[in-house]
Amino acid sequence: MLGTRPEVVKLAGVIRGLGSDAQVVHTGQHYDDALSGEIFCGLGLPEPRVGLRRTGGLPRVEQVSSMIDQLGRTFEAARPAVVVVQGDTNSASAGAQAAHYLGIDVLHVEAGLRSHDRTMPEEINRRIIGVLADVHCAPTEGAAAHLLAEGVEPHRIHLTGNTAVEAVRASLPGPEARRAVLKAHGLCSDGFVLATVHRPENTDDPERLRLILGELVGLGLPVLLPIHPRTRARARRYGLDGLLAALRVVEPVDHATFLALAHEARLLVSDSGGVQEECTVLKRPLVVVRNNTERPEAMDSGFAVLAAPGPDIGFRARALLDDPGLAARLAATPSPFGDGRAGDRIVGLIRTLVERAVPSTRRVSDRPAVAAPGVRPASLPSPVGAPTGPHPPGGNPCTDHPMPAEPRPEAFSPPPEAATTSTSSC
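So in the numbering used here the end of the sequence shown lands on 429, straight run, no missing numbers.
Here it is in structure tokens:
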């Protein structure tokens, strides 16, 4: 289940890997077609089997409660073997809660990320899902260590890597297509900055947004800004149209176009979590416009630097732009987020859960613990009573393919008042 553009991008490989066994539910958290709807076509995915009433734009309490209510009725009717949630969105939190309350196993993709900042809504979502998930797919050893420190049983943690790596590799246009994108925007390779600003803490504070836009204007290179609807609305409300006019502002672009632009940019400036992962695959330097991050691996490997909103943005950006050896160092540095096979490992774990599923009439009171075998960090101890070694007897579902086929689960039925969408015409 998913509800935002990043979730669609990062789960695309898993959805493809499961084929007809995957029933996709969209919560409607991203209500702008340019941000979510069209991406299904662009990634060659079918439209979601079930689409809930749109919840985008609602206050957080109302949004999450509406999602839990609708998802609960959807899951109750379908009784899936496992519900897969990704990341740290309100959609993921609501999905994990609805499934857990119904005794349905929850698999969390991108588990264990922590910023340790309780003011971030995403951090609260991550911690909620961390308590409820039955299987945690950690993208890095650091993420796995966070889960262990919070008391998650080792056999529930699987070091899979991050699906962002294969998502970038699959969607990045080739050289000719990238040249066409640059031409359409009047840009030259390695001659511009690509920026995105969308996080509420950066857009909902007038002074903070003014500082960010002002620093972008002062970088001395053309700055392309695909603008989020929230950012445009706030800039107009705060009287910052003059700063926008000094930038090359465009409407949101599709994922492939964004990757093409990012690959050809000299520098990236963003407050996005996903861009922190993508820059390590594209080998481009990034200034992260935030006070903290849940993805320190991008900084530790030299791809990104943190910059607080204000003069620090310009200072950090110019330091990267003026570093003559930076491009060569990044080109030689592997991504810290995995080898591009995370989706295959996650599909193997899901199939194992389906094979082990108990009858769909179960409830929370009689649900068994799930101990699906898989890849664990070498530093993780084996679960109590479990054999030592790389994985328990019986094969490793993360690497032993092909997996035996299992019966196709029943199609999801939408709850009352939920809109069922048709198959994509793309």
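Glycine is no exception: its CB is placed at the ideal position from the N, C-alpha and C atoms.
Exercise. Would you list the residues sitting across from C282 in a DSSP beta bridge?
Key: Residue pairing by DSSP leaves C282 without any beta bridge partner.
Quiz item: With 16 as the cutoff for other CB atoms within 10 Å, does E210 come out buried or exposed?
Solution: Here E210 is exposed, its C-beta having fewer than 16 other C-beta atoms within 10 Å.
Quiz item: Opposite T58 in the DSSP bridges: which residues?
Solution: Answer by DSSP bridge pairing: none, since T58 is not bridged.
Quiz item: Looking at the C-beta of D257, does it have a partner C-beta in chain D at a distance below 8 angstroms?
Solution: Included in the structure is just one protein chain, with no chain D present.
Practice problem: Inspect the beta-carbon positions of I18 and L48 and report whether they are closer than 8 angstroms. | Solution: Contact: yes.
Self-check item: Where the beta strand (DSSP E) containing H119 begins and where it ends
Solution: Membership of H119 in any beta strand (DSSP E) is not indicated, and neither H nor E is assigned to it by DSSP.
Quiz item: Assuming M4 contacts G98 under a Cβ cut-off of 8 angstroms, what Cβ separation, rounded to an integer in Å, is found between them?
Solution: Beta-carbon to beta-carbon, M4 and G98 are separated by about 4 angstroms, close enough to satisfy the 8 angstroms threshold.
Self-check item: Rounded Cβ spacing between A141 and T163 (contact assumed at less than 8 angstroms)
Solution: The beta carbons of A141 and T163 sit about 7 angstroms from each other, so the pair counts as a contact at 8 angstroms.
Quiz item: Enumerated in chain order, which unbroken segments of the alpha helix (DSSP H) with a length of 4 residues or greater are wholly contained in the segment 281–321?
Solution: Within the segment 281–321, the runs of alpha helix (DSSP H) that reach at least 4 residues and sit entirely inside it are, in chain order, 299–303.
Quiz item: For A248, which option in D274, V272, L151, G221 has the closest C-alpha, if you only look at C-alpha atoms?
Solution: Per the Cα distances, G221.
Quiz item: Just checking my contact of L243 with L270 at CB under 8 angstroms: how many whole Å lie between their CB atoms?
Solution: With 8 angstroms as the limit, L243 and L270 do not qualify as a contact, their Cβ atoms being about 22 angstroms apart.
Self-check item: Neighbourhood of G6 by C-beta, 7 angstroms cutoff - its chain only, sequence neighbours within 5 removed
Solution: The beta carbon of G6 sits closer than 7 angstroms to those of H29, T30, G31, Q32, H33, T92, S94, all from its chain and outside the five residues before and after it, given in chain order.
Quiz prompt | Nearest residue (CA-CA) to P288, options P312, E267, G45, H139 | solution = Among P312, E267, G45, H139, the Cα nearest to that of P288 is on E267.
Exercise. Measure the alpha-carbon distance for L21 versus V87 and round it to whole angstroms.
Key: Inter-residue distance for L21 and V87 is about 12 angstroms (C-alpha atoms, whole angstroms).
Quiz item: Taking the alpha-carbon positions, what's the P327 to A265 distance?
Solution: Linking P327 to A265 through their CA atoms gives a straight-line distance of about 19 angstroms.
Exercise. Please name the residue, chosen from R172, R354, P9, that lies closest to S338 on a Cα-to-Cα basis.
Key: Looking at the Cα atoms, R172 is the closest of the given residues.
Quiz item: Taking just the CA atoms, how far does D274 sit from A236?
Solution: In this model, A236 and D274 are separated by some 18 angstroms (Cα to Cα).
Quiz item: Can you tell me the Cα-Cα spacing of L250 and A148, whole angstroms?
Solution: The alpha-carbon atoms of L250 and A148 are separated by roughly 41 angstroms.
Practice problem: Please name the residue or residues paired with P229 in a DSSP beta bridge. | Solution: V253, per the DSSP bridge assignment.
Quiz item: Looking only at C-alpha atoms, which of D207, L219, V256, L224 sits nearest to R239?
Solution: Ranked by how close their Cα comes to the Cα of R239, the residues D207, L219, V256, L224 have D207 in first place.
Self-check item: Proximity below 8 angstroms, CB of V134 to CB of L110
Solution: No.
Quiz item: Ordered along the chain, which non-local residues of its own chain (more than five positions away) have a Cβ less than 6 angstroms from that of V226?
Solution: Answer for V226: V196, A198, L219, L250, listed in chain order.
Practice problem: Mind checking which residues open and close the beta strand (DSSP E) that includes T92? | Solution: First-last for T92: undefined, no H or E at that position.
Self-check item: Exposed unless 16 or more other CB atoms sit within 10 angstroms - verdict on A422
Solution: The pLDDT assigned to A422 is 41, lower than 50, so where the model puts this residue is not dependable, and the model offers no usable value.
Quiz item: Exposed or buried, P83, counting other C-beta atoms within 10 Å across all chains shown (16 or more means buried)?
Solution: With 16 or more other CB atoms across the displayed protein chains lying within 10 angstroms of its CB, P83 is buried.
Self-check item: Helix, strand or coil at L246 [DSSP, three-state]
Solution: In this structure, L246 counts as helix in the three-state DSSP scheme.
Quiz item: Who does H111 pair with in a DSSP beta bridge?
Solution: Its beta-bridge partners are V88, H139.
Quiz item: Which residues bound the alpha helix (DSSP H) around T206?
Solution: Looking at the DSSP string, the run of the alpha helix (DSSP H) that includes T206 is 203–206.
Practice problem: Please determine if the segment 347–355 and the segment 304–320 are in contact, where contact requires at least 3 C-beta pairs separated by less than 8 angstroms. | Solution: Output reads no: the segment 304–320 does not touch the segment 347–355.
Quiz prompt | Which listed residue (R121, A183, V112) has its alpha carbon closest to that of R159 | solution = Checked all of R121, A183, V112; the closest Cα to R159 is V112.
Quiz item: Going by C-alpha distance, which of I230, H188, P176 is nearest L285?
Solution: Cα-wise, what sits closest to L285 is P176.
Quiz item: Using the C-alpha atoms, what's the distance from G276 back to E65?
Solution: It is roughly 25 angstroms from the alpha-carbon of E65 to the alpha-carbon of G276.
Quiz item: If G16 and E169 are in contact, beta carbons under 8 angstroms, what's the gap, nearest whole angstrom?
Solution: Yes, they are in contact, since the Cβ atoms of G16 and E169 sit about 5 angstroms apart, within 8 angstroms.
Exercise. Kindly indicate which residue of T296, D120, G115, D315 has the alpha-carbon position closest to the one of E144.
Key: Nearest in C-alpha terms to E144, of all of T296, D120, G115, D315, is G115.
Self-check item: Rounded C-alpha distance that separates E179 from V67
Solution: Spanning the two alpha carbons is a distance of roughly 43 angstroms.
Practice problem: List the endpoints of the continuous beta strand (DSSP E) containing T199. | Solution: For T199, the enclosing beta strand (DSSP E) has its first and last residue at 196–199.
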